[in-house]
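The numbering of the sequence shown is our numbering, which starts it at 1 and goes up by one.
Idealized CB from N, CA, C, for every residue including glycine.
Reviewing the structure listed below.
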Amino acid sequence: MSNDDNFDIETLRCRMRPLSVRIRESLKDWINGVLHRDWVEVDAEVCDCTPIHRSVFSTLRRSTIAQFGGYAVGFIYVVQSRKYQGITNSPVELQEHDKFAIRYNPKHPEENNTFDSETSWTVTYTIYFTIILFLFLVFLYIGKHFYGK
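Set out below in structure tokens:
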């Protein structure tokens, strides 16, 4: 018996499903991952709340105007007796020890659905988009110079 004959039933079922079903399931898994549907909700506790001030240039006065930009909120959450921390922004001031709900990735508990955690996947998708755009432009170039007039 060769190694190819040692498939379990689940592997055979997976390979025998139509391609459209496998693509649909893969797309569903990807969407669920992007939307954090399988992430777990937990209470986060505020440990710091700092006002954010930003400057906006005014063309009417030709000067910079200081404006209030909300609050930077530092927080801590616990997963399986291990503490994780993060930062998010809020339009209202929160007091130390206030609690609010966040969602975290059960496979990587340090990832949560606040802004600082979102940055990593945003960068990843920007890279994917850039690669796809580059490939599209290469195909246009090849099509124009080798197959078109």
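In angstroms, rounded to a whole number, what distance separates the CA positions of residue i and residue j?
i	j	result
residue 22	residue 31	14 Å
residue 96	residue 108	26 Å
residue 101	residue 48	16 Å
residue 128	residue 106	24 Å
residue 133	residue 81	44 Å
residue 83	residue 91	25 Å
residue 139	residue 125	21 Å
residue 136	residue 145	14 Å
residue 19	residue 38	25 Å
residue 26	residue 55	45 Å
residue 28	residue 77	29 Å
Is it the case that the Cβ atoms of residue i and residue j are separated by a distance below 9 Å?
i	j	result
residue 112	residue 143	no
residue 94	residue 46	yes
residue 114	residue 75	yes
Skipping 5 residues on each side, what residues in its chain have a beta carbon closer than 7 Å to that of residue i?
i	result
residue 72	50, 52, 87, 89
residue 8	none
Excluding the five sequence neighbours on either side, which residues of its own chain have a C-beta within less than 6 Å of the C-beta of residue i, listed in chain order?
i	result
residue 79	109
For residue i, which option in the options has the closest C-alpha, if you only look at C-alpha atoms?
i	options	result
residue 104	25, 19, 43	43
For residue i, is the classification buried or exposed, using 16 other Cβ atoms within 10 angstroms of its Cβ as the cut-off for buried?
i	result
residue 147	exposed
residue 141	exposed
Suppose the cutoff is 8 Å on Cβ atoms and the five residues either side in sequence are ignored; what does the same chain contact list for residue i look like?
i	result
residue 98	45, 46
residue 24	none
Contact criterion: CB-CB distance below 9 Å. Does residue i meet it with respect to chain C?
i	result
residue 79	Checking the listed chains, one finds no chain C in this structure; it contains a single protein chain.
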